[in-house]
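Written out below as structure tokens is the structure these notes cover.
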Amino acid sequence: MLPSPAISSEQTDGLWKKGIQAGLPIAIGYMPVAFTFGLLAKAAGLSLFETVGMSVIVFAGASQYIALSMVAAASGAAELILTTFIMNIRHLLMSASLKERAEDEPKWIKAIYAFFITDETFSVAATSQEKKITASYLLGLCLTAYSSWVVFSGAGYLMGSGLPESLQASMGIALYAMFIALLVPAAKKSRKVIALAGTAAVLNSLFSFIPFLSGGWGIILSTLISAVSIEFIVKGDERNE
Amino acid sequence: MNENLIWVIIGMGLVTYIPRMLPLVMFHTNNLHPRVQGILKNVPFAILGALIFPGVLTINPDSVLYGVIGAAAAFIAAWLNLNVIIVVLASILVLYGYTFL
Chain A
1 MLPSPAISSE
11 QTDGLWKKGI
21 QAGLPIAIGY
31 MPVAFTFGLL
41 AKAAGLSLFE
51 TVGMSVIVFA
61 GASQYIALSM
71 VAAASGAAEL
81 ILTTFIMNIR
91 HLLMSASLKE
101 RAEDEPKWIK
111 AIYAFFITDE
121 TFSVAATSQE
131 KKITASYLLG
141 LCLTAYSSWV
151 VFSGAGYLMG
161 SGLPESLQAS
171 MGIALYAMFI
181 ALLVPAAKKS
191 RKVIALAGTA
201 AVLNSLFSFI
211 PFLSGGWGII
221 LSTLISAVSI
231 EFIVKGDERN
241 E
Chain B
1001 MNENLIWVII
1011 GMGLVTYIPR
1021 MLPLVMFHTN
1031 NLHPRVQGIL
1041 KNVPFAILGA
1051 LIFPGVLTIN
1061 PDSVLYGVIG
1071 AAAAFIAAWL
1081 NLNVIIVVLA
1091 SILVLYGYTF
1101 L
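Chains A and B, in that order, are what the protein sequence lines are.
Just so you know, the working numbering puts 74 at position 74 of the first sequence, and the rest follows in order with no gaps.
Just add 1000 to the spot in the second sequence (first one is 1) and you have the working numbering.
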């Protein structure tokens, strides 16, 4: 383990590069999602400034899509902001989980990198082999993902037409493929991981049939139920990390 | 309306940022009960399950099979311990090929 205050600049440099590498799959995965967001934003009547601004300021895919449909339906500001909050409240769970593995660094640094927590950046960071998650690693990872999100939101708006349909459709697998690639190596080593992911997957699939559990709540509930119940069933006898 | 929308976007940004930031910056979790620590360590793997299902089955609204094929390609590539980025590219390629069948 690294002695926390004394990380040399060389180590920081290496961590930063590792982070950028780890962020590349996310950058690829965000490409079609952000591109389509830009297209839809234009169709919903947003300006380029508002479209890119939303990606820069909010940086949360699903809620940005929902915001577009609500703008198109002329929903009120309060309703829009409340929906965004509900969609994104699951980040509480990720932030708390990340804190357990975060390197001991000043709070203002954590306050900066906290902005970049998404389903994808969290999943990559939390399953990485790093002993402690440092700001250098995390910012390399997150800024790679963020750049893709912002740039391709603008590109989608400006291009005004979609990617070729076959490419658009096949690229839709990218983020899921990444999640699978993060999960499988851990699952091969630990039955507990299989139980955790399997339980949450089944629960979330069931919840998707319940209208008020769609979106943010389904993911929070299924994750929590799985993480808590498996912790009590598997009494820490299979800890290999 | 336009000026209004910018404020709405800033509001969206704030309510998104606060849950991201609060636990990392505010909570004092140094003396957490081991059980709670264990639960928090479980979160990444549980959430991966919830993020993959049922979402992956709906990437093509017309065909569940499409998502199944993509997921199977990713699973096989990941099983072979290929790098994440290779897994992603391989899955895209397999589905791209499949659309021409």
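Idealized CB from N, CA, C, for every residue including glycine.
Because the structure is a prediction, the values reported are computed rather than measured.
Less than 8 Å divides the Cβ of I1092/B from the Cβ of A174/A.
With a beta-carbon spacing of about 16 Å, G216/A and E120/A fall beyond the 8 Å limit used to define contacts. Shown here for E105/A: same chain residues with a beta carbon closer than 6 Å to its own, the five before and five after excluded, namely A135 in chain order.
For I117/A, the three-state secondary structure derived from DSSP is coil. Shown here, I81/A sits in a helix according to DSSP, grouped into three states. Taking all protein chains in view, the Cβ of S226/A is crowded by 16 or more other Cβ atoms within 10 Å, so the residue is classified as buried.
Against chain A, the CB of V1025/B has a partner CB under 8 Å away; the residue lies at that interface. Sequence-distant Cβ neighbours of A181/A in its own chain, meaning closer than 8 Å and more than five residues away, are P25. The beta carbons of L203/A and S222/A sit closer together than 8 Å. Here F1100/B is exposed, its C-beta having fewer than 16 other C-beta atoms within 10 Å. Within chain A, not a single residue places a beta-carbon under 8 Å from that of N1031/B; the smallest gap is close to 13 Å. Inter-segment contact for the segment 86-100 of chain A and the segment 1015-1033 of chain B is present: three or more beta-carbon pairs are separated by less than 8 Å. When the five nearest sequence neighbours on each side are left out, no beta carbon in the same chain lies closer than 6 Å to the beta carbon of T118/A.
Under the three-pair Cβ rule at 8 Å, the segment 155-173 of chain A counts as touching the segment 34-46 of chain A. Just so you know, the alpha carbons of P1054/B and V58/A end up roughly 25 Å apart.
Between the beta-carbon of A186/A and that of I1047/B there is about 13 Å, and that puts the pair past the 8 Å contact cut.
Here I233/A is exposed, its C-beta having fewer than 16 other C-beta atoms within 10 Å. By the Cβ neighbour-count rule, F207/A is buried, with 16 or more other Cβ atoms within 10 Å of its own. Close partners of P25/A in chain B (Cβ separation under 7 Å): V1084, I1085, V1088.
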